[in-house]
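Engineer: Be aware that the sequence shown starts at 1, since it is given in full-length UniProt numbering, and climbs by one per residue.
Heads up, the beta-carbon is just placed ideally off N, CA and C, and yes, glycines get one too.
This structure is a prediction, so every number in the text was calculated from the model and none was measured.
Would you mind keeping the following structure in view while I ask a few things?
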Amino acid sequence: MELHDRRQAPWHDDSFEGEMVAVMTVGVPGGEVLLETSRLLLRPWRVDEAVVQRELWTERDPRVPPHRRIDEDGHPTVAELEDSIRTHKVWSTGLLAVERKASRDVIGYCGLVDSGRGATGEPELAFELLRRVWRQGYATEASLAVVGWARSSGYERLWATVWDWNTASRRVLAKVGFIETDRKEVDAVHGTTLFTTRPL
Numbered sequence: 001m002e003l004h005d006r007r008q009a010p011w012h013d014d015s016f017e018g019e020m021v022a023v024m025t026v027g028v029p030g031g032e033v034l035l036e037t038s039r040l041l042l043r044p045w046r047v048d049e050a051v052v053q054r055e056l057w058t059e060r061d062p063r064v065p066p067h068r069r070i071d072e073d074g075h076p077t078v079a080e081l082e083d084s085i086r087t088h089k090v091w092s093t094g095l096l097a098v099e100r101k102a103s104r105d106v107i108g109y110c111g112l113v114d115s116g117r118g119a120t121g122e123p124e125l126a127f128e129l130l131r132r133v134w135r136q137g138y139a140t141e142a143s144l145a146v147v148g149w150a151r152s153s154g155y156e157r158l159w160a161t162v163w164d165w166n167t168a169s170r171r172v173l174a175k176v177g178f179i180e181t182d183r184k185e186v187d188a189v190h191g192t193t194l195f196t197t198r199p200l
């Protein structure tokens, strides 16, 4: 993953919606990323927040493939997720924790990953929030900040994949400017994966 290498300078962009603001901090240890909106802080995960990641795993729709859900032996455990936060850079420079500024609680993640599904140098936007905070505009707000970060980092296009049955995520992607393409991956068991893209 090269996200931290693409960033050249701090930025401030208030062109999204109303009072939304996104700020990137550079020069912090490990090339970590910090984004801020009117209600949210997107930042590296802390080890003690693995319980939030575990909750996300437990809430996933049963149509999601088994490798993305808790298995019959209870894996991944909180301890395994803690280890992942410690050792995988994606949790500090890619898939950022989404924290509500008012209540200081982490409600999910949003960020960029190099999934290999898009063209070279075109990362994928990914987000997932706890069910209890759905329908409050947080996914859209966080995604807009990440789109601004990507634009400022020099990317020219982003991708996002979404299950055809995931209407809520499809609405979020449409709101932040992603357009569904003709590309699809059909899975008779889990549903069709739609490929969306957004020029920057």
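Flag this pair as touching only if the region 139-151 and the region 34-45 have three or more C-beta atom pairs under 8 Å; answer yes or no.
Structural biologist: The region 139-151 is in contact with the region 34-45.
Engineer: Taking buried to mean at least 16 other C-beta atoms within 10 Å of its own C-beta, is Thr196 buried or exposed?
Structural biologist: For the purposes of this step, residue 196 is taken as the residue at position 196 of the sequence shown. Buried, since its Cβ has 16 or more Cβ neighbours within 10 Å.
Engineer: Once the 5 residues before and after Val50 are set aside, which same chain residues still bring their CB inside 7 Å of it?
Structural biologist: Within the sequence shown, residue 50 is the residue found at index 50, counting from 1. The identity of residue 50 in the sequence shown is Ala, whereas the question assumes Val. Same-chain partners within the cutoff: Val78, Leu81, Glu82, Ile85.
Engineer: Quick one: Cα of Trp57 to Cα of Arg151, how far?
Structural biologist: By 1-based counting over the sequence shown, the position of residue 57 is 57. By 1-based counting over the sequence shown, the position of residue 151 is 151. Near 30 Å, if we compare the C-alpha coordinates of Arg151 and Trp57.
Engineer: Quick check: the Cα distance between Leu95 and Thr87, rounded to an integer number of angstroms?
Structural biologist: For the purposes of this step, residue 95 is identified with residue 95 of the sequence shown, where counting begins at 1. For the purposes of this step, residue 87 is identified with residue 87 of the sequence shown, where counting begins at 1. Roughly 14 Å between the two C-alpha positions.
Engineer: What is the DSSP secondary structure of Tyr155, counted as helix, strand or coil?
Structural biologist: In the sequence shown, counting from the first residue as 1, residue 155 sits at position 155. Coil, per DSSP.
Engineer: Which residue's Cα is closest to the Cα of Glu128: Glu32, Val52, Glu36, Asp48?
Structural biologist: Indexing the sequence shown from 1 puts residue 128 at position 128. Ranking the options by Cα distance to Glu128, first place goes to Val52.
Engineer: Is Trp165 near the ligand ATP, judged by its Cβ being under 8 Å from some heavy atom?
Structural biologist: Although the ligand ATP was asked about, the structure shown includes no ligands whatsoever.
Engineer: Less than 8 Å between the CB atoms is what I'm expecting for Thr93 and Glu32, so what's the real figure, rounded?
Structural biologist: The residue you call residue 93 lines up with position 93 of the sequence shown. The residue you call residue 32 lines up with position 32 of the sequence shown. Contact holds; Cβ gap of about 6 Å.
Engineer: Go to residue 224, then tell me how far its beta strand (DSSP E) extends in each direction, as first and last residue.
Structural biologist: Residue numbering for the chain in the displayed model covers 1 to 200; residue 224 lies beyond these limits and cannot be assessed.
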